[in-house]
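First the structure, in the form of C-alpha cells, and then the observations on it.
Residue numbers (my numbering), protein chains in the order written: chain H, 2 to 341; chain X, 439 to 721.
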C-alpha cells in the first residue's frame, strides 16, 4: 500500500485551539495582575506602579508593591495554578467531572490537622506545614485503601476518599464545637481559604515544590490520555494502571497540599477551571494540563482582586465559591446545549 | 474424544505462544492449563460459551492480566518479563469495551495508538507517526471522518476507529475481543473482510473472540473451542465444528453442512429442550 499523502495542517497545534487559548489565558492573567497591583487601599496610577516596580518614586509605593501586593499576587498565582492542574489531573484519572483536588480526602486531612493545631493552640507558623503533612498523609491513606486487594480501581479510590473525608470532617467539627470563640474565628478563616497577609516567605517556601510538581504534571498527559480510553485499552497500549495512577495521584496531592498549606481550603477553582479549559481546548490532556494551571492562576488572581475591592476584605475562598457556582452552571448549560 | 488440551501445532515456529497458562481475576483460575500457538499470518478464533474464559485468555496473552502459572511467549520472549510498552509495540488488543472521551476526534484517537512507539520526552507525533496514523485511517476507510468526534460516529464507524488505533500501533499480532458484537450483519462482514485483507496483505497474525460460529469458520484458519477455561478442541474449522463438539460446549443440537461459502452449521435446538420433549413419550 502506498503511503497516503497528508496535510501537515491536520497536525498543527493551532487545530487544537491550544495556542489561542494559551495566549488568551496569559493575556488575561497579565492584565489582571496589572490591575491587581494598582488596586487596593492605596490606589496607584499606572505611572506610579511603573516607577515602584523599578524601585523608583515614593518609598511607600515601593513597599506597597514589593512587600505587600506582588508577593500576594504571586501567592495567588501559585495556589491557583496548583489547584487548577490538580483538579485537571484528578478529573482525568478518576474519569469523573465532579472530581476536584479535594476528592481524595486532601481537604479533610489538611483541615483536621490545621483545625486541631489552631483550636489546641499550637504555634501558628507551623499550621501550614501541619496542613501539608495532614494532606499528604490522608492522600496516602486513601491510596492504600484504594489499592487493597490488588489493582487500583477508580471506584474504590473515590469511595475511600469519601469515607475518609466524612470521618475526618466529623472529628474536625467536634474540635470546632469544643474550641474558644476567638480560635473558631481563625479556624473558620482558614477553612474558607484566604490569601490575606501572604508574603514572600510563603511563596519561597512552597513555590519551588509547586513549580516542580507543575512540570511533573505536564509529563503525565500521555498516561492520562490513555487512561481515558478505559483500563483495558490503556494497559493494552502499554500503560501500567497502578504506576500511572500512583504518579498522577502523587503529583495531584502534592499540588493540592501545597495550595492548602498556603491559603487554606479554596474551593471551586480546581473543579471549574478544568471544565472551562476543556471547552476551549478539547479533550487532549497535553493541552488541558498546562492551560488548567494558567487558567487556575488567572481565576484565583481575579478572585483575589475582587475580594479586595470592597470596603471589607472577603476571604478569597468565599469569592471563588460565589463566582464559581454560577460559572459552573453556565458551563454545564453550554455543554448540554452543545451536545443536545 | 482425544485430549485436545495441548495444541498439536509445531510450537517452535510460533509468533505468539501460551504454555500451560493458568490465570484469572482473583485467586480462582478462570483459564486452566491452556496452551496454544499463533503463527505469522495466521487467524485463530476462540469460540465457546459465555464465561468460558475467552476474554480472560486474550487478556493473559496481551499482558493486561498476569498468569498465576505458565508463560506467554511473543517472538520467543516472555511477555510478562518485558515492559508493557515494549509488548505494546508488537501486540495490540481491542478489548470488548472502550470508553470514548468526549470531544476526541478520530485522528486524535488513532494518534494515541502511536504512544508505545514514543519515548516519554516526545511531546508530539513525528513524521513517521503521522504517516502511520494516516495510513491506519485510510485502511479503515475513515478519511472522511478523521476530524469528527468519535462519540458522534455510528457503531460500525466507531469500531473501525478503534481498529485504526490498534493498526497505528503497527503490531505483528492483533487480538480482538468480540469485535462484531454491536454491529449489524453488513458491518460485521465489512469489519471481518477488512481484517482478512490486513491478515493477507500485512501478514498480520490475528486472534478473535467470535460468537457467530459461521463467521468464525468462514474467516479463521484455525479455531479453538473453550469450555470452563480449558481448550476442548483446536484445529481447522471442519475438525473443530462437529455436532458432538457443539453439543459438548454449547449444549445445542446442530448439523453441519458444506455450502458454497464453506462449512456452515445449522442449529436445531438447545439439547435440554429436546431431552425434555422426549421424556413424555419415553414414559
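Ideal Cβ positions, reconstructed from N, Cα and C, are used throughout, including at glycine.
Quantities reported herein were computed from a predicted structural model and do not represent experimental measurements.
Quiz prompt | Local Cβ density within 10 Å of residue 28/H, reported as buried at 16 or more and exposed below that | solution = For the purposes of this step, residue 28/H is taken as the residue at position 27 of the first chain. By the Cβ-count criterion, residue 28/H is exposed, with fewer than 16 other Cβ atoms from all chains shown falling within 10 Å of its own Cβ.
Quiz item: How would you write the range of the alpha helix (DSSP H) that residue 188/H sits in, first residue to last?
Solution: One-based indexing of the first chain puts residue 188/H at position 187. Note, residue 188/H: alpha helix (DSSP H), 182-193.
Quiz item: Taking the alpha-carbon positions, what's the residue 666/X to residue 484/X distance?
Solution: Working through the second chain from its first residue, we reach residue 666/X at position 228. Working through the second chain from its first residue, we reach residue 484/X at position 46. Looking at the two C-alpha atoms, the distance is approximately 13 Å.
Quiz item: Can you tell me whether residue 297/H is buried or exposed, with buried defined as 16 or more other CB within 10 angstroms of its CB?
Solution: If you number the first chain from 1, residue 297/H lands on position 296. Buried: at least 16 other Cβ atoms inside 10 Å.
Quiz item: Are there 16 or more other CB atoms within 10 angstroms of the CB of residue 475/X, so buried, or fewer, so exposed?
Solution: As a working mapping, residue 475/X is identified with position 37 in the second chain. Buried, since its Cβ has 16 or more Cβ neighbours within 10 Å.
Practice problem: Measure the alpha-carbon distance for residue 663/X versus residue 700/X and round it to whole angstroms. | Solution: For the purposes of this step, residue 663/X is taken as residue 225 along the second chain, with counting starting at 1. For the purposes of this step, residue 700/X is taken as residue 262 along the second chain, with counting starting at 1. Rounded to whole angstroms, the separation of the alpha carbons of residue 700/X and residue 663/X is 19 Å.
Practice problem: Please classify residue 600/X: is it buried, with 16 or more other beta-carbons within 10 angstroms of its beta-carbon, or exposed? | Solution: Indexing the second chain from 1 puts residue 600/X at position 162. A residue is called buried when at least 16 other Cβ atoms come within 10 angstroms of its Cβ; residue 600/X meets this threshold and is buried.
Self-check item: residue 135/H to residue 144/H span [Cα, whole Å]
Solution: Position 134 of the first chain, counting from 1, holds the residue named residue 135/H. Position 143 of the first chain, counting from 1, holds the residue named residue 144/H. If I take the Cα positions, the gap works out to 14 Å.
Self-check item: the stretch 630-647 of chain X / the stretch 594-614 of chain X touching (three or more Cβ pairs under 8 Å)
Solution: Contact between the stretch 630-647 of chain X and the stretch 594-614 of chain X is present: 3 or more CB-CB pairs across the two stretches fall below 8 Å.
Exercise. List the residues of chain X that residue 234/H touches, going by C-beta distances under 7 Å, in chain order.
Key: As a working note, residue 234/H is residue 233 in the first chain. Within 7 Å Cβ-Cβ: 533 and 536.
Quiz item: Does residue 502/X get closer than 8 Å to chain H when you measure Cβ to Cβ?
Solution: Counting from one through the second chain, the residue named residue 502/X turns up at place 64. Yes, because at least one Cβ of chain H sits closer than 8 Å to the Cβ of residue 502/X.
Quiz item: In chain order, which beta strand (DSSP E) runs of at least 3 residues are fully inside the stretch 467-545 of chain X?
Solution: Runs found: 469-476, 481-486, 507-512 and 529-532.
Quiz prompt | Interface positions of the stretch 96-126 of chain H facing chain X (Cβ-Cβ less than 9 Å), listed along the chain | solution = Taking a C-beta cut-off of 9 Å against chain X, the contacting residues of the stretch 96-126 of chain H are 96, listed in chain order.
Self-check item: Cα-Cα separation, residue 315/H to residue 300/H
Solution: Residue 315/H sits at position 314 when you count from the first residue of the first chain. Residue 300/H sits at position 299 when you count from the first residue of the first chain. Distance between the alpha carbons of residue 315/H and residue 300/H is about 16 Å.
Practice problem: Determine the contact status of residue 607/X and residue 530/X, defining contact as a CB-CB distance below 8 Å. | Solution: Translated into the one-based positions of the second chain, residue 607/X becomes position 169. Translated into the one-based positions of the second chain, residue 530/X becomes position 92. At a Cβ-Cβ threshold of 8 Å, residue 607/X and residue 530/X count as neighbours.
Quiz item: From the beta carbon of residue 2/H, is the nearest beta carbon of chain X less than 8 Å away?
Solution: Counting from 1 along the first chain, the entry for residue 2/H is found at position 1. Low confidence applies here, because residue 2/H scores a pLDDT of 39, under 50, leaving its location unreliable; read the following figure in that light. Closer than 8 Å: yes.
Quiz item: Helix, strand or coil for residue 643/X per DSSP?
Solution: Residue 643/X sits at position 205 when you count from the first residue of the second chain. Annotated three-state conformation of residue 643/X is strand, per DSSP.
Exercise. Please list the residues of the stretch 206-227 of chain H that have a C-beta atom closer than 8 Å to any C-beta atom in chain X, keeping them in chain order.
Key: Correct list: 220, 223, 226 and 227.
Quiz item: residue 190/H to residue 202/H, Cα distance in whole Å?
Solution: Position 189 of the first chain, counting from 1, holds the residue named residue 190/H. Position 201 of the first chain, counting from 1, holds the residue named residue 202/H. Computed Cα separation, rounded: 20 Å.
Quiz prompt | Classification of residue 335/H by the beta-carbon crowding that lies within 10 angstroms, buried from 16 upward | solution = The count along the first chain starts at 1 and reaches residue 335/H at position 334. Here residue 335/H is exposed, its C-beta having fewer than 16 other C-beta atoms within 10 Å.
Quiz item: Is there contact here, the stretch 215-222 of chain H with the stretch 288-295 of chain H, by at least three beta-carbon pairs under 8 Å?
Solution: Judged by Cβ distances under 8 Å, the stretch 215-222 of chain H makes contact with the stretch 288-295 of chain H, as three or more pairs qualify.
Quiz item: Could one say the Cβ of residue 287/H lies closer than 8 Å to chain X's Cβ atoms, at least one of them?
Solution: As a working mapping, residue 287/H is identified with position 286 in the first chain. Residue 287/H belongs to the set of residues whose beta carbon lies under 8 Å from a beta carbon in chain X.
Quiz item: residue 37/H CB to nearest chain X CB: under 8 Å?
Solution: Reading the first chain from its first residue, position 36 is the one you call residue 37/H. So no, residue 37/H is outside the interface.
Exercise. Determine, using beta carbons only, whether residue 469/X comes closer than 8 Å to chain H.
Key: Here residue 469/X corresponds to residue number 31 of the second chain, with the count starting at 1. False, the Cβ-Cβ gap to chain H never drops below 8 Å.
Quiz item: Would a check of beta-carbon distances place residue 440/X closer than 8 Å to chain H?
Solution: Start at 1 with the first residue of the second chain, and residue 440/X comes out as number 2. The predicted model places residue 440/X with a pLDDT of 41, which falls under 50 and marks its position as unreliable, so this point remains unresolved.
Self-check item: Rounded C-alpha distance that separates residue 521/X from residue 471/X
Solution: Taking the second chain and counting its residues from 1, the one referred to as residue 521/X is at position 83. Taking the second chain and counting its residues from 1, the one referred to as residue 471/X is at position 33. A straight-line Cα-Cα distance of about 24 Å links residue 521/X and residue 471/X.
Quiz item: In the structure shown, what three-state DSSP assignment does residue 700/X receive?
Solution: On the second chain, position 262 is the one that residue 700/X refers to. Annotated three-state conformation of residue 700/X is strand, per DSSP.
Quiz item: Of all the alpha helix (DSSP H) runs that stay within the bounds of the stretch 186-247 of chain H, which reach a length of 4 or more residues?
Solution: If only complete runs of 4 or more residues are kept, the stretch 186-247 of chain H shows the alpha helix (DSSP H) at 201-219, 222-228 and 232-237, in order along the chain.
Quiz item: Whose CA, out of 554/X, 556/X and 548/X, lies closest to the CA of residue 727/X?
Solution: For residue 727/X there is no data in the structure shown, the boundaries of chain X being 439 and 721.
Quiz item: If you draw a straight line from the C-alpha of residue 326/H to the C-alpha of residue 113/H, how long is it?
Solution: Here residue 326/H is taken as the residue at index 325 of the first chain, counted from 1. Here residue 113/H is taken as the residue at index 112 of the first chain, counted from 1. The alpha-carbon atoms of residue 326/H and residue 113/H are separated by roughly 25 Å.
Self-check item: Boundaries of the alpha helix (DSSP H) in which residue 287/H is found, first to last residue
Solution: In the first chain, counting from the first residue as 1, residue 287/H sits at position 286. 286-310 is the span of the alpha helix (DSSP H), which, as asked, contains residue 287/H.
Quiz item: Run through DSSP, which three-state label would residue 718/X get?
Solution: As a first step, residue 718/X must be located in the second chain, where it is residue number 280. Here residue 718/X scores only 49 on pLDDT, less than 50, and its place in the model is too uncertain to base an answer on.
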